[in-house]
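What the sequence shown shows, in numbering that gives the first Met the number 0, is residues 0 to 253, in sequence order.
Every residue, glycine too, gets a C-beta built ideally from N, C-alpha and C.
A short worksheet on the structure shown next.
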Amino acid sequence: MPPAITRSKDEPKHSRPVQVAEAIKVWVVEQGLQAGDRLPGEAELIRRFGMSKGTIREAMRILEAQGLIKTRTGPGGGSFVHEVSRQRAKALLGNYFYFKDLSIGDIYQLRLTLEPELAASLAGRLSADVLRMLEDNIAEYSSPASDIHEERAQHVASLRFHAILAEQAGNPLLGFVVDFMVNLLSDLTVYRRLYSPPNIELWQQGRDHQQALVRALRDGDAQGARRIMTDHMQTAWKLMRRQEAEMQNRFISE
C-alpha cells in the first residue's frame, strides 16, 4: 500500500501534487531505494497513489525541480532516484536567505560556535595530501594584494581554506553547515565589496592563524586547533565588522 496522504488540522494546506510528491518521497525511503534506482512508470504511479495522470506528472515535476529525481528519455529512459549534490543543496538553501539581509555578525556568530569544534575534530586525522592542499591554499595569499582585484581573489581564497576543512568533516551535517556559511560569506564579501578598502591587518591575522592551525592539525593538537580557530573567528569577526561599517559609511557619503 502507498503511504497515506494525510494532513493534520494544524498544517498548512498543500496542493494535491505537493502532497503526492511528499508521499512519493516517503515511499522511496520505505522501499530503501538508492540514487540511480528506477521509479515505477507513470501508469504504476497512478495506480499506486490513486491520483490522476495530471497530478502524478506535476508531482514528478516538483521532485525533479527539487533535484530528488532525474528523468531520462530514449531507450532505457524513465525516472530515477537522484541524490542532491552539495552544490545544489547550498544553492537551494541560499535562495531562502537571499532576501534576509544577513549581516557579518549573523554568520560569524554561528561560525564561532561551529568551526572551532570542526577544527578540534580534525586534529591528527588529516592526510598528508589534505594538509598540503591547505598549505597550497595559504600560499595563494602569502603576500599582501597588489591591487583591489587581487584583494578580492585573496578574500575568496582565504575562505576556501575553511571549505577544504568542511569537506573533511566526519559529521556530514557539521561539514555541510560550515561549507554553507563559507559560501554565504564569500558571496556577501564579493556582493558588498567588503574586500575594499584593503585591510593589511585582516590579511596578516588570517594568514597567521591559518598557518598556526595547519601546524596544530598536523601535530594532532585538538585543544590547540580549537583555541586557534576560536581566536581566528573572533579576530576575523571584529575586522570584518569594521569592513562592513566602512562600506556602509562610504555608501552613505556617496
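Sufficient close CB pairs (3 or more, under 8 Å) joining the region 192–209 to the region 166–180: no
Integer-rounded CB distance, given that T229 should sit under 8 Å from S111: Counted from its first residue, the sequence shown places residue 111 at position 112. Counted from its first residue, the sequence shown places residue 229 at position 230. Note that residue 111 is Leu in the sequence shown, not Ser. Between T229 and L111 the Cβ distance is about 7 Å, and since that is below 8 Å, they are a contact.
Check whether A119 and A215 have beta carbons under 7 Å apart: Position 120 of the sequence shown holds residue 119. Position 216 of the sequence shown holds residue 215. No, these two residues do not count as a Cβ contact at 7 Å.
Extent of the continuous alpha helix (DSSP H) run through K69: Residue numbering aside, residue 69 sits at position 70 when the sequence shown is read from its first letter. Not the alpha helix (DSSP H): K69 falls in the beta strand (DSSP E), residues I68 to R71.
N198 classed as buried or exposed, judged by whether at least 16 other C-beta atoms fall within 10 angstroms: Stepping through the sequence shown from its first residue, residue 198 is reached at position 199. The residue is buried, with at least 16 neighbouring Cβ atoms inside 10 Å.
Alpha-carbon spacing of K69 relative to S78, whole angstroms: As a working mapping, residue 69 is identified with position 70 in the sequence shown. As a working mapping, residue 78 is identified with position 79 in the sequence shown. Rounded to whole angstroms, K69 to S78 spans 6 Å at the Cα level.
Residues bridged to G123 (per DSSP): Within the sequence shown, the letter at position 124 stands for residue 123. BP columns for G123 are empty, so no partner.
Terminal residues of the alpha helix (DSSP H) in which M96 lies: Here residue 96 is taken as the residue at index 97 of the sequence shown, counted from 1. Note on residue identity: the sequence assigns Phe, not Met, to residue 96. Going by DSSP, F96 is part of the alpha helix (DSSP H) stretching over R85 to F96.
Alpha carbon of L193 to alpha carbon of Y140, nearest angstrom: Against the sequence shown, residue 193 aligns to sequence position 194. Against the sequence shown, residue 140 aligns to sequence position 141. If I take the Cα positions, the gap works out to 17 Å.
Residue range of the unbroken alpha helix (DSSP H) whose run includes G174: As a first step, residue 174 must be located in the sequence shown, where it is residue number 175. Taken as a continuous stretch (DSSP letters only), the alpha helix (DSSP H) holding G174 covers P171 to Y190.
Cα-Cα separation, K8 to L62: Against the sequence shown, residue 8 aligns to sequence position 9. Against the sequence shown, residue 62 aligns to sequence position 63. At K8 the pLDDT is 48, less than 50, meaning the model places this residue with poor confidence; the figure from the coordinates comes in the next sentence. Approximately 25 Å, taken between the alpha carbons.
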